[in-house]
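In my numbering, the protein residues as written are 18 to 232. This report concerns only the one structure given below.
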Amino acid sequence: MTGTSRLDIAAEVAGTPLIAMLTEPGSPAVPEVTEELGKAGIRAVEITLTSPDALRSVARGVATGAALVGAGTVCDRETAARAVDAGAHYLLTPGVLPEVLDEARALGVPVVCGAFTTTEVMEAWRLGAALVKLFPARLGGPAYLASLAMAFPDIPIVPTGGITADDVSDYFTAGAHAAALGRPLVGDALRGGSLPDVRHRAADLLDRVRAAQAG
18 MTGTSRLDIA
28 AEVAGTPLIA
38 MLTEPGSPAV
48 PEVTEELGKA
58 GIRAVEITLT
68 SPDALRSVAR
78 GVATGAALVG
88 AGTVCDRETA
98 ARAVDAGAHY
108 LLTPGVLPEV
118 LDEARALGVP
128 VVCGAFTTTE
138 VMEAWRLGAA
148 LVKLFPARLG
158 GPAYLASLAM
168 AFPDIPIVPT
178 GGITADDVSD
188 YFTAGAHAAA
198 LGRPLVGDAL
208 RGGSLPDVRH
218 RAADLLDRVR
228 AAQAG
């Protein structure tokens, strides 16, 4: 899948609504972890652009073909273009950044746009975000998300930042479209830890999420 395919990221994550955050892009295990996540049923992976070789890691993750790989922490137009050149299927921003949304629209890739306040949520959606990322979610918790979901029932919201295995189901009960998690999904796999543990973590979290969605 290329950046010009007009990916519907909201639809892609609806069935398995967890986005795995790989926040150590310099780890040589990025491809292997991406493959394990894909085998576990995780459809979308975010690789944060927080190290000099992060775009190389995006390309390596994409090359596995195991999941949709997004470039995270995209803060300007140039980085957006470079991430798409590296093969990123979608982009993620920490806040409402019109120039990134504009560049992504021109390049034909969706954006998961960071927001926190009601004004930011509305602005992100107005500017064409495919999903609105509630960040940092832990500041308001599930109760705050529930208020946003009630106010904006047509805006798919993805909480991230401080979500744990113990409270992830509460966010879905509150109305999350999906949730993005790092260590609760990946554990220590990027630091030489167990790769099979990734599948076990993913299976457990998906079970919790689906139970919350069911009832």
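We put the CB at the ideal spot given by N, CA and C, even for glycine. Everything numeric in this text was worked out from a predicted model, so none of it was measured.
Given residue i as reference, the closest of the options once Cα atoms are compared
{"i": "ILE64", "options": "TYR107, VAL126, ALA123", "result": "TYR107"}
{"i": "ALA195", "options": "ARG23, ASP25, VAL30", "result": "VAL30"}
{"i": "PRO153", "options": "VAL175, MET167, PHE169", "result": "VAL175"}
{"i": "MET167", "options": "ALA193, ASP183, ALA76", "result": "ALA193"}
{"i": "THR90", "options": "ARG122, VAL79, LEU39", "result": "LEU39"}
Contact check, residue i vs residue j, beta carbons under 9 Å
{"i": "THR51", "j": "ALA83", "result": "yes"}
Separation of residue j from residue i, as counted between CA atoms
{"i": "ARG23", "j": "LEU109", "result": "15 Å"}
{"i": "CYS130", "j": "SER211", "result": "32 Å"}
{"i": "VAL185", "j": "PRO34", "result": "11 Å"}
{"i": "ARG200", "j": "PRO159", "result": "19 Å"}
{"i": "ALA57", "j": "VAL86", "result": "15 Å"}
{"i": "THR96", "j": "LEU118", "result": "12 Å"}
First and last residue of the uninterrupted beta strand (DSSP E) at residue i
{"i": "GLU63", "result": "61–65"}
{"i": "GLY87", "result": "85–89"}
Host alpha helix (DSSP H) of residue i (start-end)
{"i": "VAL113", "result": "Element bounds for VAL113: n/a, residue is neither H nor E."}
{"i": "LEU144", "result": "Element bounds for LEU144: n/a, residue is neither H nor E."}
{"i": "ALA168", "result": "158–168"}
Helix, strand or coil at residue i according to DSSP, with G and I counted as helix
{"i": "PRO127", "result": "coil"}
{"i": "ARG177", "result": "The displayed chain sequence assigns Thr, not Arg, to residue 177. In this structure, THR177 counts as strand in the three-state DSSP scheme."}
{"i": "ILE26", "result": "helix"}
{"i": "ALA71", "result": "helix"}
{"i": "GLU132", "result": "First, the residue type needs correcting, since residue 132 is Ala and not Glu in the sequence shown. It is a strand residue."}
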